[in-house]
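A short worksheet on the structure shown next.
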Ligand code: HEM
Ligand SMILES: [Cu+2]
Ligand SMILES: [Cu+2]
């Protein structure tokens, strides 16, 4: 299982489909995530259509998707749309992209390993994720349609009485499978980081991306089982007539609907950090690379991320201020929640410290990393209102929450993923993306994105409940219809702008310029390997001599970086070891 | 690639040892998350039970303590034989017998669960009790079945003697870790559901 | 070439600022529904000053970022300075800044919010002049029940309404909430409060209205396909009007009372804790 070397497999199936090579699995996860991102995005646009023009037939696609209602979205359809949009985006778009794809790509390469500790498990992790994606996507087509209880699936609404269809059961099964896949990945990541670091790669020499991914994996190992327990009970309630979440007031049962909420958020709060931690790590690394400086306060950043991991386990109650918590408990959860802003501030200060007095190269990946600083600032700061009891009582379950978590999850995590793609695409595929198209993509994503999510904050403060089929059913919300239309228009622009990205990727895969080994003049170990790296990554496991962002050292002459693998600055200036002209030749 | 296989550590022995250590680390992480799973289930049970005015719920007979105790005993003995197998394998001796004994006891455990199940199903008011048992014992039984599968996976190796690629002792150790974990999980379950 | 570039850059940015500023002004002109409660201003104030503080904080962050992007952009002749930021003085500086942000923004919010939660919003009124109302959430309607002249719930003179909440001005109103089927959440935007109604549990909500008028109430928690229809009218009366309304309704109710109709008599004993 762990022999030092494997011969590279040669068959198509074992090389491309059932590959155990972490780089191939990373590509598979990336594809999975992008496909679901597209699907989730289309669902989002349909939701937006209904909110802007309630009851009006959806142009073009409506007649096919909603033929029974003459192209208009029914309440059922709408409920399915937002339930599936939320579920897909969180568990099947963002998670596979950041954790699945970049976890797989970066961890072994950045710590100087040939592969993951358990390549077979890694392969299984992808295929279980794919299976769970198929189950979820398939649930659209069963009788009664897909799940309809929101992505939080609170019982009794998600129970068999209120939502009888098969779709809701498949939803739970799919999430359970997704959890199994995530767990397999996480065990692999942590073991790999603990056991397979190259000689000299101490924990404080690991790039912050690896810190973020590793901490996220630790949280996954601890908290995925909690949601698994909740889902097991939900599934049993639905199919085996148990009554865990059916209230005791009903005959024959003695369950408690709130039990599910506790379990869901014990997992759910760490989950949002699971998603954002890798993005933080990646942003910290990228800011350093493109400012040509060490990441300011590297250790403080790593420690701040770790302390957020610890804090994130004890704050989940802030999602439940309106269920009737005792004041003491409410205040405890509030204070713990607010403590998170200390390490978060440290992250921001360190990011600013990194670009301060740098020599900033505004490559596309850098634009997206800076974009994360902006959107995560918006998301984090609006979170204050939701962490404090009294303001949350008013804002809970309104569009304000939707705006807030889209800024943190949809915007920050998505930008983190996009930054990662622009940064590591050359390494992954051996081709450069077109930077002009990438810049265009950035601006046409960044600006509309704010036009989508900022107005949601305003609507929420105006008292607009979320998950509302027809906002105009309330008189006091009619005034927001122009805002809703603005959001929808911006969302369409946002959606269309992603075609720039798709085109850029597709074009580059075929006709992109060949990528050199180290196009960004970065210092971490993955840039030592040719692009794309060969099977098993390194001919010789490199020895690590220094921290991950040694840029602009005064004692290094002639160039503003020195790789972690270099024992001393090379005498001859510039150019990293040239990759073989045709890097594929190495692999064969 | 094999011509460049000049890893600074000389092949097989140390690399294999590192691999075995990684296996142990991976298994420990897995068991850690398993502990969280059973912990969450037990905690849920505790929360539901705490909301009941009386326990067991009115009309529900007390859970069959004796039968469950027999179950516990069987599992405890199986843990001993598992540990024995591990010691034997570690010193390069034949461990087929001990493994088979463990598996037999494991199967016996599952069979002995049946009367406990039917006793609970027969209770007139089995609402919460039935749910809890279905969940906790069901989940445990599934894991135990997986444990049996793992033992079946090492059995051929044990029959054939040492295999150089996958040292038998390492695999038996992994199985033993999992098996003892199942024992501990059952003990927690037994104590909370049947004793207290 | 470069000056042209610069010009179009400046143009693009000014366009952005003007458009963005205009849009922001329009958006910020929206305000929440009018606050008609005695205590609701506390939530508005907490929201207001936190917004002001974080706006300043974020503006500083963005300013520094913008400054760096202009001043420290890579160009011939400019190079980065090697600063690791791991020295004690750096850590001290970051720590001190983070702590002071926490003390300036968070601590104040925690303090007011903790006080308001435990001393105001979650401290339920007692006494004779408290108006008691029982609330039952049900897919997809809110039901309200008043004890009527006998001050006892679930009796013949109870006043029961659907999707209509009457309260008197100037008196504390205390509600007990339960749910018949799934979780709902009673949302009164005009008093800035909401409270879940959960099957198998009883929750509480109180407020005191001060401006008579006709407002709306909502369900904030997804409760099924008709969630969006779970709207109600929320009327604040002058006390005399309220008493008259209760008296009239109660008389009608007594005439229509049917002790055997279990589903109509969904009320409970006020003291019951479920
Ligand atoms: C980029 C374009 C996106 C748009 C325009 C968009 C829009 C929306 C809208 C309109 C809703 C419904 C809110 C409501 O019902 O009141 C929603 C819900 C949601 N979105 Fe997005 N979204 C986008 C991307 C994302 C991404 C990337 C994520 C992933 C993390 C995400 C996660 C969610 C979640 C979790 C919900 C809640 C679903 C629920 O209420 O059960 N969204 N989104
Ligand atoms: Cu949270
Ligand atoms: Cu509702």
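Residue numbers (this note's numbering), protein chains in the order written: chain P, 203 to 790; chain E, 27 to 222; chain X, 1008 to 1281.
Ideal Cβ positions, reconstructed from N, Cα and C, are used throughout, including at glycine.
It should be emphasised that the depicted structure is a prediction, and the values quoted were computed from it without experimental measurement.
At least one heavy atom of ligand 1 lies closer than 6 Å to the C-beta of residue 616/P. Assignment of residue 1151/X by DSSP, reduced to helix, strand and coil, places it in the strand class. In this structure, DSSP gives residue 670/P a state outside helix and strand, which the three-state scheme calls coil.
Burial state of residue 1097/X is buried, judged by a 10 Å Cβ sphere holding 16 or more other Cβ atoms. Residue 595/P and residue 433/P have their C-alpha atoms roughly 28 Å apart. In the structure shown, residue 77/E adopts coil according to DSSP, grouped into three states. One alpha carbon belongs to residue 724/P, the other to residue 272/P, and they sit about 56 Å apart. Closest in C-alpha terms to residue 555/P, from the list 524/P, 408/P, 490/P, comes 490/P. Burial is judged here by how many other beta carbons sit within 10 angstroms of a residue's own beta carbon; residue 314/P has at least 16 and is buried. Our two residues, residue 358/P and residue 609/P, have alpha carbons roughly 30 Å apart in a direct line. Shown here, residue 391/P sits in a helix according to DSSP, grouped into three states. In the displayed model, residue 1226/X falls within a strand according to three-state DSSP.
If you look at residue 1191/X, you'll find it in the beta strand (DSSP E) that goes 1191-1195. For residue 372/P, the closest C-alpha among the options 462/P, 750/P, 440/P is that of 440/P. If you ignore the 5 residues before and after residue 1139/X, its C-beta comes within less than 7 Å of the C-beta of 1154, 1181, 1277, all in its own chain and listed in chain order. In this structure, the C-beta of residue 611/P approaches ligand 1 to less than 6 Å from one of its heavy atoms.
If you draw a straight line from the Cα of residue 162/E to the Cα of residue 215/E, it is about 7 Å long. Bounds of the beta strand (DSSP E) holding residue 1204/X are 1200-1204.
Counting of Cβ neighbours within 10 angstroms places residue 298/P among the buried residues, the total reaching 16 or more.
When DSSP states are grouped into helix, strand and coil, residue 1268/X belongs to the coil group.
Taking the beta carbon of residue 467/P as reference, no residue of chain X falls within 8 Å; the closest one sits roughly 14 Å away.
Interface criterion not met: the Cβ of residue 107/E is under 7 Å from no Cβ in chain P. Only buried fits residue 97/E, as 16 or more other CB atoms lie within 10 angstroms of its CB. According to DSSP, residue 1129/X shares a beta bridge with no other residue. Within 9 Å of the CB of residue 435/P, the CB atoms of chain E belong to 67, 70, 157, 161, in sequence order along the chain. Around the C-beta of residue 686/P, 16 or more other C-beta atoms lie within 10 Å, and the residue is accordingly described as buried. The DSSP assignment places complete alpha helix (DSSP H) segments of no fewer than 4 residues inside the region 55-118 of chain E at 91-116, in order along the chain.
Its chain contains 428, 518 as the residues whose beta carbon lies nearer than 6 Å to that of residue 468/P, once the 5 sequence neighbours on both sides are disregarded; these appear in chain order. In its chain, beyond the 5 residues on either side, 485, 488, 489, 621 have a beta carbon closer than 6 Å to the beta carbon of residue 571/P.
For chain X, the residues of the region 505-531 of chain P that bring a beta carbon within less than 7 Å of one of its beta carbons are 524, 525, 526, 529, in chain order.
For residue 1048/X, the Cβ stays outside the 6 Å cut-off from all heavy atoms of ligand 2. In the three-state reduction of the DSSP assignment, residue 681/P falls in the helix class. Straight-line measurement puts the Cα of residue 1088/X at about 26 Å from the Cα of residue 626/P. Residues 483, 504, 507 of the same chain have their beta carbon placed closer than 7 Å to that of residue 413/P, with the five preceding and five following residues left out of the count. Flagged as an interface residue toward chain P: residue 1129/X, by a C-beta distance shorter than 7 Å. Residue contact with chain P for residue 1056/X: absent (no Cβ-Cβ distance below 7 Å to any residue of chain P).
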